[in-house]
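Each residue of the sequence shown is one higher than the one before, starting from 1025 at the first, in the working numbering.
Think of the CB as a built atom: it goes at the ideal place given N, C-alpha and C, for glycine as much as any other residue.
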Amino acid sequence: MSDGHQHNGNEKVPSRQRRRFPGISSRAYEHPADRSALVALRKLTGFDTVFKALSGLLPERSLRLLFLSDSVRVSDRQFTHLNVMLRDACYILDLEKVPPMYVKQDPTPNAMCIGMDEPIIVVTTGLVELLDEEEMRAVVGHEVGHALSGHSVYRTILLFLTSLAVRVAWIPLGNVAIMAIVTALREWFRKSELSADRAGLLVGQDPQASMRGLMKIAGGNHLHEMNVDAFLEQAEEYEAGGDLRDSVLKILNVLPRSHPFTTVRAAELKKWAETREYQRVMDGHYPRRDEDKDASVRDSWRDSASSYAGDVKNSKDPLMKLVSDIAGGAGDLGGRVRRGFGGFTSSGPRPAQGPDGPGEPGASPDPDGGAGGNGRPPRDGA
């Protein structure tokens, strides 16, 4: 429990009783897709050496100097309440070296953890002013989770490559090659955000505060006008609503983002908080970081593949349901695609399709034809 003991010779952690996780490995809270990538990278001999060598090419020193010169560093004399939260989060997740944290003047609510050699945490004034103490505690735990997982290294590379892609846009195929890497990194990073949300929950140990924080990031400081249950219902409607056109638009909308959509993050976190896996961690049964070297890459990839397969199988999204049906060998897939895209196909009646081919002229119209591509008036929502 977080019981007021001193951590690394610094101020005592808050008096509120929270469970502590000595020696916890980041594998305990990482999303399977995030975990598989990290386990594989940690197994590569010399990986850290190579990336530290690359750090000379990255703007890390510039960023550190920028935050030091133009932001406020959290300490026992500045933003003391954030300093207490930071040390408490490091104590709970047993992170020995407390990362420096800066508050940057920016009305947009945001936070990040970057750095190659040593992670640094940056939060904006917009975020500090938006969230209450317990909501902010979850955010600080989120960023400490990034630091414990080593996400800051890859986030720094992503920022560098995104900037590089703009600079080489004039080179034929140069931008395409870099953006392919950036797109892959963004897919990984979106999963890493789900991991860090879980770390924030382990630190705050208040699911409602985590939900409220995400809801306020989406809708602002109007908590009296919002409802967590209704917010989560939005995620369900987003997941299930529309047709195949909407499924394609969802993919296009999320591709340029480094973070999943806020309602999706809230729904994913709630789902994890209700699992046996989360309860086992809270009961003290979790992987230790001294066992990380023995983690199996094959098992991690299997878990990742299983997670993606489960997402496809259980998804209510029209495209994911179609993919699941294809994998299951469902019949009449052509008809299902036609109906799914609705307005992309002709809305007029179609000749009936018999076992021997198209129907004769004058045959009854296809019962699945007509308005909306399914013979029924279009409907809203899921």
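Exercise. What is the DSSP secondary structure of R1042, reduced to helix, strand or coil?
Worked result: strand
Problem set entry | Separation of D1058 from K1317, as counted between CA atoms | 17 angstroms
Problem set entry | Identity of the residues DSSP links to M1125 by a beta bridge | I1145
Problem set entry | Beta-ladder partner(s) of C1114, from DSSP | DSSP, once it has assigned bridges, lists no residue as partnering C1114.
Problem set entry | Local Cβ density within 10 Å of E1142, reported as buried at 16 or more and exposed below that | With fewer than 16 neighbouring CB atoms inside 10 Å of its own CB, E1142 falls in the exposed class.
Exercise. Taking the alpha carbon of A1171 as the point to measure from, which residue in R1101, S1049, S1234 and S1093 has its own alpha carbon closest?
Worked result: If we check each option's Cα against that of A1171, S1049 comes out closest.
For this session: Classify S1176 as buried or exposed, calling it buried when 16 or more other Cβ atoms lie within 10 Å of its own Cβ.
Result: buried
Exercise. With respect to the alpha helix (DSSP H) encompassing I1241, which residues constitute its N-terminal and C-terminal limits?
Worked result: P1231 to G1243
Exercise. For the putative contact between E1158 and D1221, defined by C-beta atoms under 8 angstroms, what is the C-beta separation to the nearest angstrom?
Worked result: Their Cβ separation, rounded to whole angstroms, is 15 angstroms, which puts E1158 and D1221 out of contact at 8 angstroms.
Exercise. For the putative contact between V1252 and M1239, defined by C-beta atoms under 8 angstroms, what is the C-beta separation to the nearest angstrom?
Worked result: 6 angstroms
Exercise. Does the pairing of the stretch 1120-1131 with the stretch 1209-1217 give three or more beta-carbon distances under 8 angstroms?
Worked result: no
Exercise. Taking the DSSP output, what are the residues bridged to A1135?
Worked result: Partner(s): V1147.
Exercise. If you run the structure through DSSP and keep just helix, strand and coil, what is R1088?
Worked result: helix
For this session: Out of V1146, K1121 and G1169, state which residue places its alpha-carbon closest to the alpha-carbon of E1054.
Result: G1169
For this session: Find the nearest neighbour of T1149 within the set I1138, V1098 and K1121, judged by alpha-carbon distance.
Result: V1098
Exercise. Cβ of L1293 within 7 angstroms of Cβ of S1234?
Worked result: yes
For this session: Could you have a look at R1281 and say whether DSSP puts it in helix, strand or coil?
Result: coil
For this session: Would you kindly work out how many angstroms separate the C-alpha atoms of C1114 and T1299, rounded to a whole number?
Result: 24 angstroms
Exercise. When you compare only the Cα positions, how much space is there between A1406 and S1095?
Worked result: Annotation note: pLDDT 45 at A1406 (below 50); position unreliable, no value reported.
For this session: Measure the CB-CB distance between E1281 and G1047 and report whether it falls below 7 angstroms.
Result: According to the sequence displayed, residue 1281 carries Arg and not Glu. No, Cβ-Cβ distance for R1281 and G1047 is not below 7 angstroms.
Exercise. With burial defined as no fewer than 16 other Cβ atoms inside 10 Å of the residue's Cβ, what is the status of R1362: buried or exposed?
Worked result: Reliability fails at R1362, whose pLDDT of 49 lies under 50, so the model's placement of it is uncertain and no value is given.
Exercise. Taking the C-alpha atoms as reference points, what is the distance between L1119 and E1167?
Worked result: 12 angstroms
Exercise. Among all the DSSP beta bridges, which residues are the ones paired with V1096?
Worked result: V1127
Exercise. Is it true that the CB of A1052 sits closer than 7 angstroms to the CB of V1305?
Worked result: Yes, the pair counts as a contact, with Cβ atoms nearer than the cut-off.
For this session: Report the three-state DSSP secondary structure of R1312 (helix, strand or coil).
Result: strand
For this session: Measure the CB-CB distance between R1161 and I1116 and report whether it falls below 7 angstroms.
Result: No. Outside cutoff.
Exercise. Which word fits P1131, buried or exposed, when buried means at least 16 other C-beta atoms lie within 10 angstroms of its C-beta?
Worked result: In the assembly as shown, P1131 is an exposed residue. Its beta-carbon has fewer than 16 other beta-carbons within 10 Å.
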